[in-house]
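Numbering-wise, our numbering comes out as the position in the sequence shown, counting from 1, plus 390. Just so it is clear, CB atoms sit at the ideal spot from N, CA and C, and this is done for glycine as well. Just below is one structure, and these are the notes that go with it.
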Amino acid sequence: MIAVLLSLVVLFFCIWLLIRWRKVKSYWLERGVPHYPPHPILGSLTFLQRENPSIWMRRVYNDFKAPYVGMWQFWRPALVVNSPEIARRILVKDADVFRNRFLSSGKSDPIGALNVFTVNDPLWSKLRRRLTLVFTAAKLRSLNGITIAKTKDLVTRLEIESNKPELIDLRKICTDFTTDVIGESAFGITSNSLADGDSIMRRVTREFQAFNLHRGLSWSSIFFFPELVDIFRFSFFPKDTMKLLRKIFRTVVEQRGGYDKDIKDARDLLDALLKIKKEADMENEEMTEDILLAQAAVFLLGGFDTSGAALTWTMYELAWNPQYQERLYEDILNLKRKIGNRGFDSTVLTEIGYLDCVIKETLRIYPPMGWLDRIATKDYKIDDKLTIPAGTAVYVNGVSMQMDPEYFPNPEVFNPDRFLPENERTITPYTFMPFGEGPRNCIGMRFAFQTLRQALAEVLLKYEIKVIPDTPKPSEIEIEKNGMFYMPSGKMSVHFVKRDNEFVS
Ligand code: HEM
């Protein structure tokens, strides 16, 4: 009798599963939305750990050439948006509906879940309002001293590495540099990765960069199936890294006189966070150590690899495109001759417009975050044919629009002239979004530009960057398969050859 009952239960379950699967499978078909057929378990997520998500996004874009494409996260429908006009509505015009990201780091991971990148409204609005004040032009100018000092270390390091017989690892050096800049700015402790090839901060960022199966699964689940995060106790940042960062954070806060000390002029991002804590306390708004630490952690871990990769790709592309390198060098040299003894800083460097053209062109081809993640908080009409229900994830396919020949002719070709003012004006709006768009865009964008401008100006004034024979072309560099971000996985090496000008000894 029990065996019969059990068989019936299994039978009904199988029938239910089959009916449910048929419904899932026909979801986008019934709505007339193009899509790849879903895998019976993974839906569209078969690419995870096999192909970088940005590369998958480009495949979707090129295969369908449609304003939007349906996908499934396991059995849950989601939408990839390929149209600049729909992107504008989601990211900017109707940002109130799409205020939150779909990704989430669960409750078991307080630091991962409480940072401004992962957190949802209403905490996000409160945090973002306060954190925006951390990145004002005046605050960034006060951080410029750190960037200037670290850039000098970068030039010295390049000199040392250039004299070694082995090929340099460009990405390693660039991420040593960005670790030092952001580590010192966000945590207020000396970070000497460039000088020593190691530091406590670099230990943290190295762990963050290291990928193994567990990290891969953690990230995949945080980005595409957050329900699993708590079940498997996955975390946004590696747990040991967080322990170390918490220790550093507490020590520095204590050294600065604790949370009660009055801070008039914030010297760095940590001071700015402590000031936020005081202001929040006065307004009876909760601002725990976890919340503060989460922000410092996301500045470091969200900023070092993105900026480091951007610097790596820029130098690599300049080596392969000497005509643009020479053009930029001339501008840098002329400015240096004009300012005489004054060193480069964030104010004078804004005079070299071509620096930004080069950085933007790099980020067009190699955007570290190729797609922008949002979730609809209520039913939303995409167009006359499609309304998505509340809870649907949408992915704005930035990387693909940035590589679409309709918006950027010969998109594979590195050509910073696209961003000269007269050309930039003609770029279709919302087809170039390496820092995202709307209220949830990258809060560190200006900081990143400041860091990259300083590094490029100092390095290019002193060195010509040259291709090493038999090394891969930029387009042949392998992209990381396991991570979520668009990052090189292969080693990238170039020669740094000293320039012959009056500023080089
Ligand atoms: C080249 C360097 C960088 C690139 C390309 C980049 C790109 C991005 C992108 C695409 C987003 C998502 C925007 C959206 O969804 O609309 C983002 C968010 C964010 N970025 Fe960056 N980023 C860079 C550097 C930095 C730096 C240096 C910091 C911190 C110092 C930083 C902190 C953040 C934070 C906190 C967010 C979340 C903002 C929010 O949700 O309110 N980023 N970044």
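Contact check for A780 and D763: beta-carbon distance about 16 Å, past the 8 Å limit, so the pair fails to qualify. Of the candidates E796, D769 and Q840, D769 places its Cα closest to the Cα of I480. The criterion of a C-beta distance shorter than 9 Å is satisfied by F601 and E870. Around L810, the same chain offers C747 as residues with beta carbons nearer than 7 Å, after the five sequence neighbours per side are excluded.
S589 and S581 have their alpha carbons spaced roughly 6 Å apart. At a Cβ-Cβ threshold of 9 Å, E675 and K516 count as neighbours. Shown here, Y853 sits in a strand according to DSSP, grouped into three states.
Note that the C-beta distance between I563 and L584 is below 9 Å. Setting aside the 5 residues that flank it on each side, Y719 is surrounded in the same chain by L850, each with a C-beta closer than 6 Å to its C-beta; the list follows chain order. Rounded to whole angstroms, M705 and I855 show a C-alpha spacing of 7 Å. Between V506 and R518 the beta-carbon gap is near 6 Å, inside 8 Å, which marks them as a contact. Not one heavy atom of the ligand HEM lies closer than 8 Å to the C-beta of D650. Residue environment: W703 is assigned as buried (16 or more neighbouring CB atoms within 10 Å of its CB, all protein chains considered). L618 has its CB no nearer than 8 Å to any heavy atom of the ligand HEM. Partner residues in the beta bridge of W462, as assigned by DSSP, are P467. In this structure, N505 has its CB closer than 8 Å to one or more heavy atoms of the ligand HEM.
Boundaries of the beta strand (DSSP E) around Y785: A783 to V786.
In this structure, DSSP gives D570 a helical state, which the three-state scheme calls helix. The Cβ atoms of V738 and W761 lie no closer than 9 Å to each other.
Checking the DSSP bridge columns, you'll see F886 partnered with I855. For M835, same chain residues with a beta-carbon under 8 Å away, outside a window of 5 residues either side, are F825 in chain order. For R764, the enclosing beta strand (DSSP E) stretches over residues L762 to I765.
Take the alpha-carbon of Y426 and the one of D695: they are about 32 Å apart.
A residue is called buried when at least 16 other Cβ atoms come within 10 angstroms of its Cβ; P616 meets this threshold and is buried.
Non-local beta-carbon contacts of A456 in its own chain, meaning distances under 6 Å to residues more than five positions away in sequence, involve P424 in chain order. Here the distance from the Cβ of C747 to the nearest heavy atom of the ligand HEM is not below 8 Å. Straight-line measurement puts the Cα of G648 at about 50 Å from the Cα of V857. Remark: C-beta atoms of M677 and A670 approach each other more closely than 9 Å. Bridge partners of G433 according to DSSP: H429 and Q463. The ligand HEM has a heavy atom closer than 8 Å to the beta-carbon of P757. Distances between the C-beta of I869 and the heavy atoms of the ligand HEM are all 8 Å or more. For M672, same chain residues with a beta-carbon under 6 Å away, outside a window of 5 residues either side, do not exist.
Between the region 636–650 and the region 565–582 there are three or more inter-stretch CB-CB distances shorter than 8 Å, so the stretches are counted as touching. At least one heavy atom of the ligand HEM sits closer than 8 Å to the Cβ of E827. Exclusion of F492 from the 8 Å shell around the ligand HEM follows from its C-beta lying no nearer than that to any non-hydrogen atom of the ligand. At least one heavy atom of the ligand HEM falls within 8 Å of the beta-carbon of I833.
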